[in-house]
Structures are given as structure tokens and as C-alpha cells.
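A.B. asks: Here the sequence shown is numbered in the working numbering, starting from 671 and rising by one per residue.
Okay, handing you the structure first.
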Amino acid sequence: MQHNNHHAAHEKIHVLHLLGNAIVGGMENYVRSLLQALPANTFDITCLCPYESPITAELRRGACEVFVSPVDPDPTWQSVQTVVGIIRSRGIHLLHAHLPPAHRLAGLAGALARRPVLATIHGMSDPDSIGIQRLVGSHLAVICHAAYMEAVAWGVPREKLTLIRNGVDLQRFSPRPDGADFRRAVGIPPDAPLVGFVGRLSWEKGPDQFVRAAAIVHEARPDVHFALVGEGPMAAELQEQIAAQGLAGCVHLAGLWPDVAPVYPAFDVLAQTSRAEGMPLALLEGMACARPYAGMGVGGVLEIVRAGVTGLLAAPGDWHGLGRALLQLLADPDRACQMGQAARQHVAHEFSLQNTASQTAALYRRLVQAALPPLSRPGDTFFNNSRLTTIKQKETRS
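Structure, rendered in C-alpha cells:
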């Protein structure tokens, strides 16, 4: 069988990941975990990030070549040239973009270099990403069934759409005896009931709703402590909210923990209060650590949580209902423990990182095999390596 592609079946596939952000967040952690899980004997990986950050350092420690170059909502011709230069100098077969600015940049560069483009939508489908897909003909990957159906409703052809759910590393995130180190570092008594939130302190994650639910629980159970693990633009506002509601002694802003695996075992209950969500990694990680869950049923959360079996759900925006759910779990530790064990089993069966990596690898192969051969223009020096030299100098100085 012959393919109209320059890529030989025995050749490793070289993928360029373009990240639209480089904070320590769900998308960035997803990319890092995925790259670690893809088989190194089958794939070579190069990354392009918009700026230096702890994520770029982590990627380099994983033996990934990382370029740093602007990834703006409206890509400049210079940034498109940069990506095309990377494609040609590194022998890239496929571009994988994360977040709309990276999708735009990858779409333009991929069209010029005749390379297939895959864009993962890390939340719910949005008009921005759908519009880019229509413009450049890229393939879309979505992380939950709700986002898949939204994309279909927006008019994305099913042959240009793949559902690949987020997965969690079941060895890294596993039940542990306790979370004493986290409690000690944050100043939480070892025997105090603890409700935890893990996520970016930003509006869409709803940390303010977590504090409101904490106030409801505190009225009935003043012995319960609460921890918000993460950083973000709402940190100062949350500090004021906590003080105004008289919760300074029991609600703790724990800051960013680069490794959250030891954090989840410290929680008696994991809470999630997002206003919008695709398939939250923090929820999968906590469930993999056998933590019972109470949260709001938004987006892909409804595809993860089995209500009454692995956790309890409140309606979106209903922090009163969430407060009641938390009180139920805190009042019945045996039931909470059973839910935690069921959560671990459910995640292990349905949401393993290995499943995610296997499905992604299969999609990579399919897209590369179906791609057109690249344009070959002998003597074409329009896209040269001068910008690559500048970028590499920048990263070696960091």
C-alpha cells in the first residue's frame, strides 16, 4: 500500500507542540505528562512556548528541545516564519497546538509548510477554535463528550474531530497513608478535617465559590479547615474575602505546589467549584489518590463523577448545595472512604494516562499518514535559520 506522504512507516514521527501559555496550569501539566508517556522510540518531540517559565524548565529536563517565541492572539508574519523555520530545520512531521493563539499560529505555519495540524481544545468548544479550524482545516481533539457534541453543533465535520479524554498517571497519583508534610507546611493540625481545592485562582475555577461554601460548612463545623492550592489573579481578592467572612483561622491560601501528588492525601474531601470546565486534571488526580469528591456539575465533570458513588454533585453556582454536600461527607467518614476507593477504581479503569497517550499516538500516526507531501523548493532560502539562532541564544542564557 502506498501513501502520498514523505514519512516512512519505520521513521520516528517528530511532533512540534505549540503552547499558547506557559503558566503552571492544567493544560501545561497535561502536555508535560503526555510527552512523558509517549514512547520515545516512536516519537521525537520539540516544543515552542511563549516565554520562559517553570514549565519550559520541566520540559527541558525531560530531554525535550524547547524554543521560546511569541504566541500572540494575532500571529505576526515573523512568528509564522519562525515556526516554519523550526519545521524545516528540525524535520517536523506534525504540529500539535494548545489554546487558540497557538492554534492560529500552528494553522498558518502548517499550511505554509504543508504539515498536518492537530489542535486540542482543553475546555469546552468555543467559537474561536471552531473558526480557526474552518479557516485552516486542522484536526480538533476535545477532552470530553460535551465538548465533542458542541463542536459538532458548531459545524465541525466528524472526520476532523476526535475525542481523547484527559488521563492521569496512576503510579504518581495513588493512595498514600497521609499528607502530613502538606499539613505541617501550611499550618493545619494533623487531626483536623480538611477540605481541599487545587487549581488556578482565577474566575473560571471559582475559588471565591469555594470560600463561600467554606463559610457555610464553618457555621456548622468550626473544626474543619480548608486549603486552596494554587496561584492566580484572584489571590489578593480571596485574602480579603476570607478576612471579611471571619475565616482567616481556617481557610488557608497554600500557594503553588509544583508537585501536587503529596497534597491530595492530606485532604479528607476534594472540592471543585469551577464555573466552566472541560475535564479537570485536578479532579482526576484527586480521585486517583482515593479522595472523595464534592463539587459543581459543570462541563466534563459530569462525565467523570458518578454521583453518590464516587462523590456528590451540586448544581453549577450552588455553593449552598456544595456546603451541604461537604457536611454530609465530613459527617460520615466511612461513606467518604468508600467513595474514595470507588473513585480510584473508576479513574484507573476509564482515565489512565496510558490510554490518553495510546489514543494520541494513534491519532498522530493517522494524521501523518494522511498528510500531503511537503513543498520542496530547491534553493529556497526565504525561511532561514537566523531567527532560530536568536531563539536558541535566548534559551541558553536563561
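A virtual CB, placed ideally from N, CA and C, is assigned to each residue, including glycine.
Just the C-alpha distance for SER821 and GLY807, rounded to the nearest angstrom, thanks.
C.D. replies: Reading off the sequence shown, one finds Ala at residue 821, where the question assumed Ser. Computed Cα separation, rounded: 14 angstroms.
A.B. asks: Going residue by residue through the segment 676-713, where are the continuous alpha helix (DSSP H) segments of at least 4 residues, counting only ones entirely within it?
C.D. replies: You should have 696-707.
A.B. asks: Can you round the beta-carbon distance between ARG828 and LEU1000 to whole angstroms, since I take them to be within the 8 angstroms contact cut?
C.D. replies: That belief does not hold up - the Cβ atoms of ARG828 and LEU1000 are roughly 45 angstroms apart, past 8 angstroms.
A.B. asks: If you measure between the beta carbons of GLY965 and ALA941, is that distance less than 8 angstroms?
C.D. replies: Yes, they are a contact pair.
A.B. asks: If we count the other Cβ atoms within 10 Å of its Cβ and call it buried at 16 or more, is ARG785 buried or exposed?
C.D. replies: That one is buried.
A.B. asks: If you run the structure through DSSP and keep just helix, strand and coil, what is LEU999?
C.D. replies: In the structure shown, LEU999 sits in a helix (DSSP, three-state: H, G or I).
A.B. asks: From the DSSP output, read off the bridge partner residues of MET957.
C.D. replies: Answer by DSSP bridge pairing: none, since MET957 is not bridged.
A.B. asks: By how many angstroms is the C-alpha of VAL753 removed from the C-alpha of HIS888?
C.D. replies: Near 53 angstroms, if we compare the C-alpha coordinates of VAL753 and HIS888.
A.B. asks: What is the rounded straight-line gap between the Cα of ALA1032 and the Cα of ARG760?
C.D. replies: Cα to Cα, ALA1032 sits roughly 22 angstroms from ARG760.
A.B. asks: Excluding sequence positions up to five away, which residues of its chain have a Cβ less than 7 angstroms from the Cβ of LEU805?
C.D. replies: GLY777.
A.B. asks: Could I get the ranges of all uninterrupted beta strand (DSSP E) runs contained in the segment 850-888, with 3 residues as the minimum, in chain order?
C.D. replies: Listed in chain order, they are 864-868.
A.B. asks: Expressed to the nearest angstrom, what Euclidean distance is found between the alpha-carbon atoms of GLY857 and VAL868?
C.D. replies: Rounded to the nearest angstrom, the two C-alpha atoms are 17 angstroms apart.
A.B. asks: Per DSSP, which residues does ALA811 bridge with? Please list them.
C.D. replies: DSSP, once it has assigned bridges, lists THR790, THR832 as partnering ALA811.
A.B. asks: Should HIS990 go down as buried or exposed, given a rule of 16 or more other Cβ atoms within 10 Å for buried?
C.D. replies: HIS990 comes out exposed.
A.B. asks: Quick one: what's TYR963 bridged to in DSSP?
C.D. replies: In the DSSP output, where bridge partners are listed per residue, TYR963 has LEU940, GLY981.
A.B. asks: The alpha helix (DSSP H) that contains HIS773, what's its start and end?
C.D. replies: 770-783 is the extent of the alpha helix (DSSP H) around HIS773.
A.B. asks: Can you find the residues in the same chain that come closer than 6 angstroms, C-beta to C-beta, to GLN909, ignoring five residues on each side of it along the sequence?
C.D. replies: Answer for GLN909: no residue qualifies.
A.B. asks: What did DSSP end up calling SER1022 once you bin it into helix, strand or coil?
C.D. replies: SER1022 falls in the strand class under three-state DSSP.
A.B. asks: If you follow the alpha helix (DSSP H) that GLU728 is in, where does it begin and where does it stop?
C.D. replies: Note, GLU728: alpha helix (DSSP H), 724-731.
A.B. asks: Helix, strand or coil, according to DSSP, for GLU947 in the structure here?
C.D. replies: Note: GLU947 maps to coil in three-state DSSP.
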